[in-house]
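Have a look at the structure below before the remarks.
Protein chains: 2
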Amino acid sequence: MLSQTAEYALRALVLLAERTPGQPARVGELADELDIPQNYLSKTLHTLSRTGVIASARGKGGGFMLGRAASDITLFDVVDPFDRLGDRPVCLMGQGECSEAHACAAHATWKAVSRQVQAFFLQTTLADLAKKRRPALASRTARKRRTGKM
Amino acid sequence: MLSQTAEYALRALVLLAERTPGQPARVGELADELDIPQNYLSKTLHTLSRTGVIASARGKGGGFMLGRAASDITLFDVVDPFDRLGDRPVCLMGQGECSEAHACAAHATWKAVSRQVQAFFLQTTLADLAKKRRPALASRTARKRRTGKM
DNA sequence: TTATAATAGGATATTATCATCCTATTAGCA
DNA sequence: TGCTAATAGGATGATAATATCCTATTATAA
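Taken in order, these protein sequences are the chains called A and B.
At position 43 of the first sequence the residue is numbered 73 (the numbering used here), and the sequence of numbers has no breaks.
At position 71 of the second sequence the residue is numbered 101 (the numbering used here), and the sequence of numbers has no breaks.
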């Protein structure tokens, strides 16, 4: 479903979301814990730092940390620079023949399914993924419905 | 969503489903109409002929045709030899840590979405995709006649 | 039986993705 | 200042997906 790169990014950011905010985590740490090639993760995170979802600090005591609240970073934000799920042609058949005006028989059905996938990525946040693993967190009250901008 | 190969397979089989049954279609024809590399499509179709969804006939007058009724061939049947959507790990995060017993926070939500995708492929048949295009075929026959692209 | 038209399929080329290597840059601290 | 720890990033290598080339095999018909 996701490319290797996007999956790396997602897993790393979930880990970041579980850290205490404001405290940078080194790539080496993350890569080691997730069993991801360090140099590769480094570039992947660098890409995400350019989009603003994470921030980077160079030099001693540096590292990567979330650029904003985990509850404000959707999976779409994390994955889009690598896989772009959003602007993908809706029709399975490619070829562009299958538009709204000129739809194949599966168009409507597939579009509905496709939208659900999109909605999942747009509405799920890093906070949603991180909290379950956290030892003691009371309830799921923080699960705020984000407006689906389809 | 689908690999190039799987998409080629799907488009070619939809085309086959629109043909009169029992009459083989040459790879060259299909490739030309769909603008797919002929030799590549040839191997792709050959793969599908080994799973039985299509049949092949060598020699003069030969070609490929559906192995059974279009309404009896699901998109899963077509796509599975190349992309295998079915046995994919359910969890986005890979790593196998996220099982039913040991689920991440997104597990349930993602699984539901994932199942819908699976259901679409398992329940939609070639007949579903083919029938809609049939009426319009006459007006569009000349259209695809080798535009100078590439 | 021979010519021809088609798939079968091994070998190879091309391209994109994934990964590593090495050096540059930046920041903190003695 | 100079040492060290970290990201930045260009260059390169490895692997998998995509595509092409060429020959073998098979079926039909003259």
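All C-beta atoms, glycine included, are put in the ideal place defined by N, C-alpha and C.
None of the values given here were measured: they were computed from a predicted structure.
Quick one: list the residues of chain B neighbouring residue i, beta-carbon separation under 7 Å, in chain order.
i              : result
residue 143(A) : 146, 147 and 150
residue 136(A) : 154, 158 and 159
At least one CB of chain A closer than 8 Å to the CB of residue i: is that the case?
i              : result
residue 95(B)  : no
residue 139(B) : yes
residue 179(B) : Confidence is the limiting factor: at residue 179(B) the pLDDT is only 31, short of 50, which leaves the residue's position unreliable, though a coordinate-based value still follows. No, residue 179(B) lies away from the interface with chain A (no Cβ there is under 8 Å from its Cβ).
residue 167(B) : Reliability fails at residue 167(B), whose pLDDT of 42 lies under 50, so the model's placement of it is uncertain and no value is given.
residue 45(B)  : no
residue 171(B) : Confidence is the limiting factor: at residue 171(B) the pLDDT is only 33, short of 50, which leaves the residue's position unreliable, though a coordinate-based value still follows. For residue 171(B), the answer is no, since every Cβ of chain A falls outside 8 Å of its Cβ.
residue 114(B) : no
What span of residues does the alpha helix (DSSP H) with residue i cover, start to end?
i              : result
residue 96(B)  : Careful: residue 96(B) lies outside any alpha helix (DSSP H), inside the beta strand (DSSP E) at 93-96.
residue 58(A)  : 57-64
residue 152(A) : 137-153
residue 45(B)  : 34-48
residue 107(A) : 105-113
residue 122(B) : That residue, residue 122(B), is in no alpha helix (DSSP H); it is neither H nor E in DSSP.
residue 79(B)  : 68-81
Would you mind telling me which residues of chain A sit closer than 8 Å to residue i, beta carbon to beta carbon, in chain order?
i            : result
residue 6(B) : Any property of residue 6(B) remains undetermined from this structure, which presents chain B solely from 31 to 180.
Starting from residue i, trace the beta strand (DSSP E) both ways and give me its first and last residue.
i             : result
residue 86(B) : 84-87
Compare the C-beta of residue i against all C-beta atoms of chain B and say whether one is closer than 8 Å.
i              : result
residue 174(A) : Low per-residue confidence applies at residue 174(A): pLDDT is 36, beneath 50, and the placement is therefore not dependable, though the value from the model is reported in the following sentence. With 8 Å as the cut-off, residue 174(A) does not count as an interface residue toward chain B.
residue 49(A)  : no
residue 35(A)  : no
Rounded C-beta distance between residue i and residue j? I'm assuming under 8 Å.
i              : j              : result
residue 41(B)  : residue 75(B)  : The pair is not a contact, with the Cβ atoms about 11 Å apart (cut-off 8 Å).
residue 115(B) : residue 151(B) : 6 Å
residue 135(A) : residue 158(B) : 5 Å
residue 71(B)  : residue 61(B)  : 5 Å
residue 46(A)  : residue 113(A) : The Cβ separation is near 19 Å, so there is no contact.
residue 109(A) : residue 147(B) : Not confirmed; about 16 Å, so no contact.
For the ligand COA, any of its heavy atoms closer than 7 Å to the Cβ of residue i?
i             : result
residue 85(B) : The ligand COA is not part of the structure shown, which contains no ligands of any sort.
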